[in-house]
Each structure stands twice: as structure tokens, then as C-alpha cells.
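In the numbering used here, the protein residues as written are 278 to 382. Using N, Cα and C, we set each Cβ at its ideal position, and we do this for glycine too. Keep in mind it's a predicted model, so treat the numbers as computed, not measured.
Right, here's the structure in full:
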């Protein structure tokens, strides 16, 4: 399965379009992780805890669209778009949405 943010795949003509596929993941950050992230915010630097959550959520959402595309007979997804939002009380939840067009090349 080829996954790309571009609308085409160089050297690979698109034979058929199967429609839009999307995956959504909502991840909660627990109290311990949130506490360590707050400390990192206070002293400065990158928050490895939140970065790991974002990476994991993005991978899960990509896996979802790949499975959807396989189910409908596609072998590639073009035009992939990522969106990130914070939700919930005190912004304690992270939502990652991934969408793209399932195609056969």
C-alpha cells in the first residue's frame, strides 16, 4: 500500500478511484504523563511524552485508512491530510484525523 500526501504518484497512473477513506483516533493523556509534561513546560524543552502520544495516534489513524482502502480494493492512498485537535475538559484529549483518496494504480 502506497501512502502519500501528493495528489498523484510519479510514474504510476491512477487506474480507478475508490473514494475517501478516513481514520480518527482520540487519545487521552493520563495524570502522570500530564504532570511530567507540565514540568517540561515549566523548565522548557520538548515534551517526549506528548510527542510519543501524537506519533502513536498518527500511526493508528494511518493504519485505519490503510485497512479501509484494502477492504475496498485499493492499493494506494493519495492526497493524505492530517489534522490535530485538542478536546475534552482542560484539553486533556488529543484527536488525530487522517483522510485521503483510496485508488488503484
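Simplified DSSP state of residue i, which is helix, strand or coil
{"i": "residue 351", "result": "coil"}
{"i": "residue 341", "result": "helix"}
{"i": "residue 279", "result": "strand"}
{"i": "residue 330", "result": "helix"}
Anticipated Cβ contact below 8 Å, residue i with residue j, distance rounded
{"i": "residue 349", "j": "residue 295", "result": "5 Å"}
{"i": "residue 291", "j": "residue 357", "result": "Not a contact, Cβ separation roughly 14 Å."}
{"i": "residue 371", "j": "residue 304", "result": "5 Å"}
{"i": "residue 343", "j": "residue 278", "result": "5 Å"}
Proximity of residue i and residue j at Cβ, strictly below 8 Å
{"i": "residue 379", "j": "residue 354", "result": "yes"}
{"i": "residue 374", "j": "residue 328", "result": "no"}
{"i": "residue 298", "j": "residue 377", "result": "yes"}
Residue i - containing beta strand (DSSP E), residue span
{"i": "residue 303", "result": "293 to 305"}
{"i": "residue 370", "result": "370 to 381"}
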